[in-house]
Amino acid sequence: MVALWACVAVLASVCVAGPPAEMQAAAMLRRSSDFKFHVGNVGIVNRKVPVPGRGEVLVAVEASNINPVDHKIVELAGWLWKYPHQLGIDLAGVVVAVGSDCNRIQVGDEVWGEATAYSEMVETSGTYAQYAVVTESVLGVKPKSMSMVEAGAMPMVALTGLDSLTWAAKGDYFEQPNVTVLVLGGSGGTGHLGIQLAKAMGASRVITTCSSSHFDFVRSLGADEAIDYHTQNYYDVLEPKSIDVVYDCVGIRGTGDHALGLLKDRGSFATLLTEGMPSLRARFRRPDVRTKAPLCVGSCSRYDRIDQIAGFVDQGLLKVHIDAGYALADIQEAFNHSLSGHTTGKVSVQIALREVTV
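Residues 304 to 661 in this note's numbering are what the sequence shown spells out, letter by letter.
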C-alpha cells in the first residue's frame, strides 16, 4: 500500500509539474524610426510563459525557421506592436497544456504548423521562444518520418506552395494531362518545395530557374529542366504560350509581364510578392490568364492544409532542405543568413535541441 501511494505521489508530481514561470524568446526590442527591419533591434528577452486560452494550446517549441515574412512583417505591422515584440511564425514542438474547447490536440502530441491565425498577426506570442501559445485550428500532428528540425522549417513555405498550386490546379491535383509548371527561384526556401509539390500534384514537366551550381540540387527534387538565370533569361529560352502555370518564388518587378507571355490560354500565374504581379497593360493583353499574389499569413494556416502537407511527407514526395541551423541565442546570425538572399532551402532556428544540426 505504501508503495502504491508512493507511485500515486510520483505520478501526481509529474502531472502537476508544468512549464516554468519564465522563458527566453527572440523579440524586436524597439520600434525603428524608419519602420524598417534592422537586425540590431533583435535580441533575447525573458518573458512569462503564456497561458493558453479558449481554443489554444501551449507548445514547448523545439524548432522554427526564418521566413522572409518574419522580417517583412515588421514593416507591415510593426507600428501597431507593443515592444519588445516576439517574432517567429512557424514551429514544431510538444504540447504541454491545452485550453478549453480544444478537441483535436492533446498534451504530449508532437505538433507543427504556421502560427498565424488572423488575430495573431498583431498580438502573436511568437514562435522564436521556448514556449508559444498557438490556436489549435492551425496545428497538425507532426509526421513521424520528420525530425523536429525538419518540421519546424517547413510549414509556411509548404502551405504557400500548396495554396498557390491548388489554386492554379482548381483542385488538390492537376487533373489535365501534360501540365507544365515553371517555378522561378527553385533553389530557395519556397521554390525548392514548390518543385516537389508541383510533381506531387501531378505536373508532368517542371522547369525552374536557379544558378548553375544548384542544377543537381533542383533536379534531385524533381525538376526536369533548369535555366541558369545568370546567363539566360527564362522568357527568352522558353516558347511563348508553352507553360500552364508559373509559380514565382522571387517576386521582382517585371516578372508578371514576362510570365504572361509564356502562359497558355487560361494559364495561371502566382507570385509571392505584389511587386511580381503583371502590369495593367499586360493583363489587358491577356485577360484570360488568372493571376494571384497569395498572402499566406492567416488564410493558408489551417490544420486540414497542414495535414495535406503531412500526407505528401509520409508518401516521400516532400522533404525540406536545411541550409543552416542556428540556436535561439544566435538569432541575429540566423536573420543575417536569411537576408543574404543566397540560401539553398531553409534557415533553421533550433530552440530546445542540445546541439544545433543542419
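For glycine and all other residues, C-beta sits at the position ideal for the given N, C-alpha and C.
According to the DSSP assignment, K502 belongs to the alpha helix (DSSP H) that extends over 492-503. Following the DSSP letters along the chain, one finds M326 inside the beta strand (DSSP E) bounded by residues 325-331. The three-state reading of DSSP puts W415 in strand, counting E and B together. Per DSSP, the continuous beta strand (DSSP E) segment holding E528 begins and ends at 528-531. Taking 3 residues as the shortest admissible run, the region 339-364 contains the following complete beta strand (DSSP E) segments, listed from N- to C-terminal end: 345-351.
If you ignore the 5 residues before and after N344, its C-beta comes within less than 7 Å of the C-beta of M331, L332, R333, S335, all in its own chain and listed in chain order. Judged by DSSP secondary structure, G464 falls outside any beta strand (DSSP E) and instead within the alpha helix (DSSP H) spanning 458-472. With a beta-carbon spacing of about 6 Å, K351 and E325 fall inside the 8 Å limit used to define contacts. Burial state of N370 is buried, judged by a 10 Å Cβ sphere holding 16 or more other Cβ atoms.
A residue is called buried when at least 16 other Cβ atoms come within 10 angstroms of its Cβ; I555 does not meet this threshold and is exposed.
Linking V362 to K649 through their CA atoms gives a straight-line distance of about 22 Å. Note: C513 is bridge-paired with D531 in the DSSP secondary-structure output. Here R357 is actually not in contact with D393; their C-beta atoms are around 23 Å apart, not less than 8 Å. For the pair T463 and F615, the Cα-to-Cα distance works out to about 15 Å. Counted as a single uninterrupted DSSP element, the stretch harbouring D633 is not any beta strand (DSSP E), since DSSP gives it neither H nor E. In the DSSP annotation of this structure, I654 is not part of any alpha helix (DSSP H), being labelled neither H nor E. If you look at I369, you'll find it isn't in any alpha helix (DSSP H); DSSP assigns it neither H nor E. Between G492 and A395, the C-beta gap is not smaller than 7 Å, which leaves the two residues out of contact. Judged by DSSP secondary structure, L575 falls outside any alpha helix (DSSP H); it is assigned neither H nor E. The C-beta separation of L465 from R605 comes to about 11 Å, leaving the pair out of contact by the 8 Å criterion. With contacts defined as CB atoms closer than 7 Å, A328 and V348 qualify as a contacting pair. Taking C-beta atoms under 8 Å as the contact rule, G391 and A432 qualify, at a distance of about 7 Å. Out of A632, H517, I634, G579, the CA that lies nearest to the CA of H645 is found in H517. The residue from E417, C552, S545 with its alpha-carbon nearest to that of D568 is S545.
Less than 7 Å separates the beta-carbon of Y550 from that of G497. Separation of the CB atoms of V444 and D412 is rounded to 6 Å, and the pair is thereby assigned contact status at 8 Å.
In the DSSP assignment, the residues bridged to D393 are E417. V616 has no beta-bridge partner at all, per DSSP.
Under the DSSP assignment, R593 falls in the beta strand (DSSP E) whose first and last residues are 593-595. The three-state secondary structure of H645, taken from DSSP, is coil.
DSSP places G402 outside both helix and strand once states are collapsed to three, so it counts as coil.
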